[in-house]
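The structure under discussion appears below in the form of structure tokens.
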Amino acid sequence: MRINVLQHTPNEGPGAIQQWSQDHGHEMFIYHPATFGNLPTADQTDMLVILGGPMSPNDDFDWIKQERALIQQMMNDHKPIFGACFGGQQIAKTLGYSIKKAPHKEVGWAPVYLKSNIIPGIPEQLTALHWHEEMFEIPKEADLLFSSDLVENQGFILNDNVIGLQFHFEPAADNVREIAINDNQYPMEHNDLHQTAEEIINHGVPEENKKVIYQLLDFIAKH
Numbered sequence: 628m629r630i631n632v633l634q635h636t637p638n639e640g641p642g643a644i645q646q647w648s649q650d651h652g653h654e655m656f657i658y659h660p661a662t663f664g665n666l667p668t669a670d671q672t673d674m675l676v677i678l679g680g681p682m683s684p685n686d687d688f689d690w691i692k693q694e695r696a697l698i699q700q701m702m703n704d705h706k707p708i709f710g711a712c713f714g715g716q717q718i719a720k721t722l723g724y725s726i727k728k729a730p731h732k733e734v735g736w737a738p739v740y741l742k743s744n745i746i747p748g749i750p751e752q753l754t755a756l757h758w759h760e761e762m763f764e765i766p767k768e769a770d771l772l773f774s775s776d777l778v779e780n781q782g783f784i785l786n787d788n789v790i791g792l793q794f795h796f797e798p799a800a801d802n803v804r805e806i807a808i809n810d811n812q813y814p815m816e817h818n819d820l821h822q823t824a825e826e827i828i829n830h831g832v833p834e835e836n837k838k839v840i841y842q843l844l845d846f847i848a849k850h
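Numbering (the working numbering), first residue to last: 628 to 850.
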């Protein structure tokens, strides 16, 4: 399987998604459309992974619109798509739903709660890394998958092949350090989780997060 990853900022890479790909013997190709403007075609893509970033789907950049055209073609072809944060928002925007300011800015570690049993074996409560102040509208054709205490719209699943999350299960400890040290001012600005970059790093990554990201990817990839 060829997994094409869209990475939008240097400090938010695929993390455990890359390890999942390696464990299954897949090939991963990482694109940087915000930097180089290159995108794969749907014909070149067996699974599409859309990562986070500081931009908004509402921004008027050609590459953002081109990403959505790729997402639409992937959905037309019923191929697996996984989006985290900006990536989940891009999926919702492609489906015609709004991206707007969330009622609370969440930056740091906080629980999320399972809202659908479509994917078996997911724990009822998990601790995820949040790094956002916008949120997606849940598509009417999708099922709400996760919520948090501060923001209801934390994740959705569409059919059996598309998952969009507002938060992050994919970062390992090194990835969290990379995110936090490079974007260290973001947690300090009106953060309703009241965590500093140092506190976020010192929290550590829950062991079950890697297992859950594997379960989500296995489900849409049909392993």
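Just so it is clear, CB atoms sit at the ideal spot from N, CA and C, and this is done for glycine as well. The structure displayed is predicted, hence computed values, not measured ones.
Going by DSSP, which residues form a beta bridge with residue i?
i    : result
G782 : F773 and L792
R629 : E654
E733 : H759
T754 : P738
G710 : I677 and G791
K767 : None, per the DSSP bridge assignment.
K728 : E761
Considering only C-alpha positions, which residue in the set the options is nearest to residue i?
i    : options                   : result
K767 : I828, S725, G735 and Q822 : S725
F688 : I746, Q717 and P738       : Q717
E835 : H817, H795 and H821       : H795
L756 : N818, R629 and P798       : P798
F709 : L772, I790, Q842 and E761 : I790
V676 : S683, E654 and N685       : E654
E751 : P667, W736, N638 and S774 : S774
K849 : A696, D787, K838 and P833 : D787
K692 : K742, L666 and N811       : L666
Given residue i, which residues of its chain have a CB within under 6 Å of its CB, disregarding the five upstream and five downstream residues?
i    : result
M815 : none
M702 : none
P641 : V632
Please list, in chain order, all residues of the same chain as residue i whose beta carbon is under 7 Å from its beta carbon, the five residues on each side excluded.
i    : result
A807 : A824, I827 and I828
R804 : I828
V734 : H757, W758, Y813, P814, N818, L820 and Q822
I765 : L771, N780 and F783
T672 : R629, N631, M701 and K706
Mind checking residue i: buried by the 16 CB within 10 Å criterion, or exposed?
i    : result
I793 : What sits at residue 793 in the sequence shown is Gln, not Ile. Flag for Q793 reads buried.
G723 : exposed
F656 : exposed
K720 : buried
N780 : buried
G680 : buried
N802 : buried
H705 : exposed
K732 : buried
P684 : buried
E694 : buried
G714 : buried
P660 : buried
A696 : exposed
My understanding is that residue i touches residue j, with C-beta atoms under 8 Å, so please give their C-beta distance in whole angstroms.
i    : j    : result
F851 : L771 : What is shown of the chain runs 628 to 850, which leaves residue 851 out entirely.
I644 : L844 : 7 Å
L678 : H651 : Actually they do not touch by this definition, with Cβ atoms about 19 Å apart.
P707 : I847 : 4 Å
L785 : A769 : 4 Å
P738 : D776 : 7 Å
K727 : E760 : At roughly 10 Å, the Cβ-Cβ gap does not stay under 8 Å, so K727 and E760 are not in contact.
Is the beta carbon of residue i within less than 7 Å of some heavy atom of the ligand NAD?
i    : result
E779 : What this structure holds is no ligand at all, so the ligand NAD is not there to describe.
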